[in-house]
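Its first residue numbered 101, the sequence shown is counted upward by one per residue in this note's numbering.
A virtual CB, placed ideally from N, CA and C, is assigned to each residue, including glycine.
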Amino acid sequence: MRSSDPFRSSAAVPLGVLDRLSLDVAALHATDSALHLGGLIVFEGEPPSRARVLDHLGPRVGLVPELAHRLADGAGRPRWEPDPGFDPDRHLYELPGGADLLTVVTELLRQPLPRDRPLWGTWLVRRAGGGRWGLCYRAHHAFQDGAAAVATLERLLGPEGAPRPGALTFRPPRPVRWAAVLPEFRPPRRVTWWPALDIPPARSYAAAFADVDTARLHALGRLTGATVPQLCLALTAATLRAWHPDDWGPDGPGHGRGLRANLGIGVRDPGDPRPLLGNRVAVAGVDLPCGEPDPARRLARIGRALDHARLARLADAHRVVLRGLPYRIGRLALARGVDARYTPLSVADLRIRQPLGFAGTPAAGVYALPVMVPGQPLFVAWVTHRRRLHITFLTDRALAGAERLPVAWESALAEHERLAAEGAFAGPCGLFGQAGGGASARAGGGAGAS
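So this is what it looks like as C-alpha cells:
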C-alpha cells in the first residue's frame with residue numbers, strides 16, 4: 101500500500117531547536133523509546149485483522165503529509181525530509197497484548213521506532229484486558245509534540261471528513277511584555293526533601309491509571325470557580341501529599357514547600373506549513389503547593405500559576421526566544437531543564453475534541469503515554485475524551501508505592517467534593533477570593549501538551 105503523490109512532493113523541513121534538543125534528551129536514556137509519546141485507544145469486542153486496520157488507516161495517513169517525513173542527520177544541518185520509500189504498511193505493528201492494561205502498556209513502552217523510516221508507528225494490540233483490544237499511536241518527541249500527536253490521532257481515528265487541524269498554537273502571538281516575563285526564567289530552587297529522589301532511578305518505567313467522569317469535575321469547578329486543568333493539578337498536589345504524608349507535616353522536610361513541575365505550552369507559529377511535524381512545545385514551571393495543608397489555599401495558588409494570562413505571556417516569550425535561540429545555547433540550558441533535582445516531575449493536559457472510534461466502534465478509553473525526562477521519577481498526564489478523564493501516572497520502577505497513586509487521586513477528588521459541598525472553597529482563601537487567581541483564571545485551559 102504505497103503512499104500517494106502528495107507525499108512525493110513534500111519539501112524537506114529543517115529541524116527546529118526543540119527537535120534537536122529532544123534528540124539530545126533521548127540520547128541520555130538507556131533506550132531511545134523513553135522519548136516516545138502517544139496514546140493507547142481501547143475498544144470493546146474482538147480485534148480486527150491487520151488487513152482491516154490497514155484499510156482504515158491507509159487513506160487517513162494520506163491526509164497527514166507530515167507522517168511521510170523521516171529524519172535525515174547526515175552531512176549538513178539535520179532535517180525532516182520526504183521518505184522516498186514511504187509505505188504506511190511499515191508503520192503498523194502487532195502485539196499479542198495481555199490480560200490487563202498495565203501489562204500491555206509496559207510492553208508498548210519498550211517498542212522501538214526504527215530510524216530508517218518516519219519516527220512514528222501504530223500498534224494493533226490484540227488483547228487489552230477484559231474482552232478489549234487496542235490501537236496505540238506513538239511518535240518520537242522530536243518528530244511530534246503531544247498536541248501534534250493528539251491532532252494526528254483525531255485524523256486517524258476521528259470522524260471521516262473532519263477538517264484538518266490548523267496551526268497548533270496557544271493563541272495568535274502578541275508583543276512580549278518582558279518585564280512581566282523575565283522573572284519566570286529564573287531557575288527554580290533545588291529540591292532536597294522529596295523521598296522519590298532519594299533512590300537511584302531504574303530508567304525503566306511502569307504506568308498506572310485512573311478514570312473519572314468529567315461531570316464530577318465540572319460540578320466541582322462550579323463550586324470552586326476552578327477550571328478542569330486547575331482542579332487536576334490541585335488533585336495531583338493532594339495525591340503527592342498522601343503518597344508521602346510524613347514529609348509535608350509540621351516536622352517534615354517539605355513543610356510549607358512545593359514541588360516544581362514542567363507543564364507543556366504550545367509555541368508553534370500560526371503560519372507553520374507543517375503543523376503536525378516537529379516539537380513546538382516549551383515548558384512553564386508550575387509549583388505544586390504540596391506543603392500547604394489547606395486544600396482551598398492550594399487551589400488558590402494553583403489558580404494563579406495556571407492563569408490564562410500568565411501562560412499566554414510565557415507562550416509568547418518562549419516563541420520569540422526559540423525563534424532565535426542558537427542550538428549551542430539551547431544545549432547549555434538543557435542540563436538544568438532536565439535536572440530532576442530542580443524540576444522533579446512533569447504534567448500534561450491533553451484534550452481530544454473529536455470522538456475517536458474504529459469502523460463504527462467508539463473508543464472505550466484513551467490513555468496517554470507520555471515521555472520520561474531523564475532522572476525524573478514521575479509524569480502525570482490526563483486526557484479528556486468525550487465525558488471521561490483518563491489519568492496516566494508514568495513512574496520510574498525504582499519508586500516504592502507508585503501503584504497507590506490512582507487510588508490516592510480518586511480519594512483526593514472525593515475529599516475536594518466533600519469540602520466544596522460544605523463551602524470550604526467559598527471563603528477569602530477560595531480561588532476568586534482575596535487569595536484567588538482572579539477572573540483570568542476562569543479563562544484557563546491554555547495548558548498544552550508536552
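* Asked: For residue 328, which of 526, 501, 118, 489 has the nearest alpha-carbon?
  -> Walking along the sequence shown from the start, residue 328 turns up at place 228. Answer by Cα proximity: 489.
* Would you decide whether residue 507 is buried or exposed? Buried here means 16 or more other CB atoms lie within 10 Å of its CB. => Within the sequence shown, the letter at position 407 stands for residue 507. Classification for residue 507: exposed.
* Asked: So, residue 415 versus residue 367, is the Cβ gap smaller than 7 angstroms?
  -> In the sequence shown, the residue the question calls residue 415 occupies position 315. In the sequence shown, the residue the question calls residue 367 occupies position 267. In contact: residue 415 and residue 367 (Cβ atoms closer than 7 angstroms).
* Asked: Can you list, in chain order, the residues of its chain whose CB lies under 7 angstroms from that of residue 543, leaving out five sequence neighbours each side?
  -> On the sequence shown, position 443 is the one that residue 543 refers to. The pLDDT assigned to residue 543 is 29, lower than 50, so where the model puts this residue is not dependable; a value taken from the coordinates is nonetheless given after this. Counting only Cβ-Cβ distances below 7 angstroms, and skipping sequence neighbours, we find 408.
* Asked: When DSSP labels each residue in this structure, what does residue 136 get in the three-state scheme?
  -> Taking the sequence shown and counting its residues from 1, the one referred to as residue 136 is at position 36. Judged by DSSP in its simplified three-state form, residue 136 adopts strand.
* **Delimiting residues of the beta strand (DSSP E) encompassing residue 115** => In the sequence shown, residue 115 corresponds to position 15, counting from 1. Looking at the DSSP string, residue 115 is not in any beta strand (DSSP E), and its letter there is neither H nor E.
* For residue 238 and residue 136, believed in contact at Cβ under 8 angstroms, the rounded distance -> Your numbering for residue 136 matches position 36 in the sequence shown. Your numbering for residue 238 matches position 138 in the sequence shown. Indeed they touch by this definition, with Cβ atoms about 5 angstroms apart.
* Reduced DSSP category for residue 427 - H, G, I as helix; E, B as strand; rest coil -> As a position in the sequence shown, residue 427 is number 327, starting the count at 1. Three-state result, residue 427: helix.
* To do: Report yes or no: do the stretch 317 to 332 and the stretch 340 to 357 share at least 3 C-beta pairs separated by less than 8 angstroms?
  => Contact check between the stretch 317 to 332 and the stretch 340 to 357: fewer than three CB pairs, one atom from each, fall below 8 angstroms, which does not count as touching.
* Kindly indicate which three-state DSSP category residue 197 falls into: helix, strand or coil? => To locate residue 197, count along the sequence shown from 1; it is residue 97. Correct three-state label for residue 197: coil.
* What are the start and end residues of the beta strand (DSSP E) that includes residue 403? -> To locate residue 403, count along the sequence shown from 1; it is residue 303. That residue, residue 403, is in no beta strand (DSSP E); its alpha helix (DSSP H) goes 395 to 405.
* Can you find at least 3 beta carbon pairs, one from the stretch 225 to 236 and one from the stretch 193 to 210, that sit closer than 8 angstroms? -> Contact annotation: the stretch 225 to 236 touches the stretch 193 to 210, with at least three C-beta pairs closer than 8 angstroms.
* Go ahead and label residue 299 buried or exposed: buried means 16 or more other beta carbons lie within 10 angstroms of its beta carbon, across all protein chains shown. => Mapped onto the sequence shown, residue 299 falls at position 199. The residue in question, residue 299, is exposed, as its Cβ has fewer than 16 Cβ neighbours within 10 Å.
* Is the number of C-beta pairs between the stretch 245 to 255 and the stretch 375 to 386 that are closer than 8 angstroms three or more? -> Yes: at least three Cβ pairs fall under 8 angstroms.
* To do: Quick one: residues in its chain with C-beta nearer than 7 angstroms to the C-beta of residue 123, no 5 flanking neighbours on either side, listed in chain order?
  => For the purposes of this step, residue 123 is identified with residue 23 of the sequence shown, where counting begins at 1. Take residue 123, set aside five residues on each side of it, and the residues of its chain with a beta-carbon closer than 7 angstroms to its own are 242, in chain order.
* residue 381 and residue 358 closer than 7 angstroms at C-beta -> If you number the sequence shown from 1, residue 381 lands on position 281. If you number the sequence shown from 1, residue 358 lands on position 258. For residue 381 and residue 358, no; Cβs fall outside 7 angstroms.
* **Integer-rounded CB distance, given that residue 220 should sit under 8 angstroms from residue 213** => Residue numbering aside, residue 213 sits at position 113 when the sequence shown is read from its first letter. Residue numbering aside, residue 220 sits at position 120 when the sequence shown is read from its first letter. Going by Cβ atoms, the distance from residue 213 to residue 220 rounds to 7 angstroms, so yes, they are a contact pair.
* From 406, 113, 121, 420, residue whose alpha carbon lies closest to that of residue 429 -> Your numbering for residue 429 matches position 329 in the sequence shown. Closest by alpha carbon: 121.
* Beta-carbon separation (whole angstroms), residue 205 vs residue 469, contact threshold 8 angstroms -> In the sequence shown, counting from the first residue as 1, residue 205 sits at position 105. In the sequence shown, counting from the first residue as 1, residue 469 sits at position 369. The C-beta separation of residue 205 from residue 469 comes to about 7 angstroms, placing the pair in contact by the 8 angstroms criterion.
* So residue 303 and residue 129 are in contact, right, with Cβ under 8 angstroms, and what is the actual spacing, rounded? -> Here the question's residue 303 lines up with position 203 in the sequence shown. Here the question's residue 129 lines up with position 29 in the sequence shown. With 8 angstroms as the limit, residue 303 and residue 129 qualify as a contact, their Cβ atoms being about 7 angstroms apart.
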